[in-house]
Amino acid sequence: MIQAGLTVAWAGALVSCMPAVTTDLPVSKPAPQDAALAAAVYQESNTYRRNHGAGNLQRHAALDHLAQQHSEFLRKNRGKFAIYGANVSHYGFESRALAAERFYHLSQVGENVATTSRQGPGTAAQLVALWANSPNHEANLRRGWTYTGIGVVKDGDGMVFATQMFGSYRAPMQRDLLNSFRVH
Numbered sequence: 291m292i293q294a295g296l297t298v299a300w301a302g303a304l305v306s307c308m309p310a311v312t313t314d315l316p317v318s319k320p321a322p323q324d325a326a327l328a329a330a331v332y333q334e335s336n337t338y339r340r341n342h343g344a345g346n347l348q349r350h351a352a353l354d355h356l357a358q359q360h361s362e363f364l365r366k367n368r369g370k371f372a373i374y375g376a377n378v379s380h381y382g383f384e385s386r387a388l389a390a391e392r393f394y395h396l397s398q399v400g401e402n403v404a405t406t407s408r409q410g411p412g413t414a415a416q417l418v419a420l421w422a423n424s425p426n427h428e429a430n431l432r433r434g435w436t437y438t439g440i441g442v443v444k445d446g447d448g449m450v451f452a453t454q455m456f457g458s459y460r461a462p463m464q465r466d467l468l469n470s471f472r473v474h
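Residue numbers (the numbering used here): 291 to 474.
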């Protein structure tokens with residue numbers, strides 16, 4: 291799990307131990323089976339949240355896009371990471387969080403990533419279980435987010451790369467607060 295406010299300290303470590311990776315990936319529309327798996331991960335995440343006292347998340351198209359882009363990045367650069375495992379990384383999270391904040395007005399953005407070679411009906415449940423069994427990732431699953439985006443890519447050998455992003459809109463400023471700054 292990484293949250294926007296915590297990534298600054300980790301950014302230097304991520305960059306210093308990273309082999310050359312490609313970050314400028316075009317994002318294609320997910321393959322139908324990948325979109326179906328993303329929908330299943332979404333359902334599993336909400337089931338997990340309800341079972342642990344949290345409300346349902348809503349899908350957010352922009353977060354879906356950012357998550358899909360990161361999953362494609364993980365697939366393209368698999369085996370090149372060192373901190374969290376050879377196939378997973380939060381590399382570039384700062385950029386995704388900044389895009390979510392600046393362009394979509396989301397705040398407190400978080401992210402979970404996972405890979406699995408499991409295929410079939412239990413794949414979505416296994417991905418959510420991987421996150422649920424990690425204290426930091428589990429905190430993201432249960433936190434008071436409003437929105438989520440999910441991106442899933444399956445590689446040719448069946449390895450699945452999944453990214454789930456979380457966020458909430460900034461609280462709107464009160465009209466009175468805005469008026470207090472106006473010059474009369």
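Idealized CB from N, CA, C, for every residue including glycine.
None of the values given here were measured: they were computed from a predicted structure.
For Phe451, the secondary structure class from DSSP, reduced to helix, strand or coil, is strand.
Per DSSP, reduced to three states, the secondary structure at Lys444 is strand.
Cβ atoms of Gly457 and Trp435 come within 8 Å of each other, at about 6 Å. In this structure, His350 sits away from Gly441, with a CB-CB distance that is not shorter than 7 Å. Out of Asp447, Arg433, Thr453 and Gly446, the CA that lies nearest to the CA of His342 is found in Arg433. Where Ala422 is concerned, there is no enclosing beta strand (DSSP E), although the alpha helix (DSSP H) around it starts and stops at Thr413 to Ala422. As computed with DSSP, Gln409 is found in no beta bridge at all.
Assigned with DSSP and collapsed to three states, Ala352 falls in helix. Scanning Ser361, Asn367, His395 and Ala344 for the CA closest to the CA of Ala404 turns up Ser361. Here Phe456 is bridged, per DSSP, to Gly400 and Thr438. With contacts defined as CB atoms closer than 7 Å, Thr453 and Ala357 qualify as a contacting pair.
If the five residues before and after Arg368 are omitted, its C-beta is found closer than 6 Å to the C-beta atoms of Asn377, all from its own chain and listed in chain order.
For Ser335, the enclosing alpha helix (DSSP H) begins and ends at Pro322 to Asn341.
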